Amino acid sequence: RQSEVWRYNQLTGMQRQAETEMLFAYMVRTMGTHAAVSRYGRPSGGKGDDVLERTADIEAAWIRWQGEALRRKIFTDVVVECLAEPKTLKDIERDQKALEIYQLGLDLWAELRGWMRRAHVGPTPPLDKPRVVDP
């Protein structure tokens, strides 16, 4: 329970959502339940099309994320370890100083999924200070 509180406090809401979807994508890829279609698009015909469409979408998102992460020099193996290992994020951070890499990977996922325009880099500004907007 403490590790869940720690994780909750270290990640933004968008990063937690990205983590959930990325874990699903990782499970789809590693458990052999990915879409049995040769193209990524809208599968057609038959029962369960929504499941095929969802898994094809997740598979395509993972491939796109992996390529973009490599281009941006985000260590995908560290991100996958944070997703898949039964360690807490605190353990992984202590072992590898991987939390920053993990957060960059999650932000990239959110960006590529269209949840935000660009991955956030740096600390989040405090909520009690007003934002200054240039006219």
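In the numbering used here, the protein residues as written are 536 to 670. Glycine included, every Cβ here is placed at the ideal spot set by N, Cα and C. The structure presented is a predicted model; accordingly, all values stated were derived computationally and were not measured.
Coil, strand or helix - residue i by DSSP
i      : result
LYS632 : coil
ALA571 : Its pLDDT being 49, under 50, ALA571 is placed unreliably by the model, and nothing is read from it.
LEU546 : coil
TRP541 : helix
GLY602 : helix
PRO578 : Its pLDDT being 48, under 50, PRO578 is placed unreliably in this model, and the coordinates cannot settle the point.
THR623 : coil
PHE610 : coil
MET566 : coil
MET651 : coil
ARG551 : helix
Pair within 7 Å by beta-carbon distance, residue i and residue j
i      : j      : result
TYR543 : LEU618 : no
ALA553 : ALA645 : yes
ILE593 : LEU639 : no
VAL613 : ILE636 : yes
Residue burial classification, residue i (beta-carbon count within 10 angstroms, cutoff 16)
i      : result
ILE598 : exposed
THR555 : exposed
ASP642 : buried
THR590 : buried
GLY649 : exposed
GLY548 : exposed
MET651 : exposed
LEU587 : buried
MET566 : exposed
Assess, as a yes-or-no matter, whether the stretch 622-634 is touched by the stretch 599-609 under the definition of 3 or more beta carbon pairs within less than 8 Å. no
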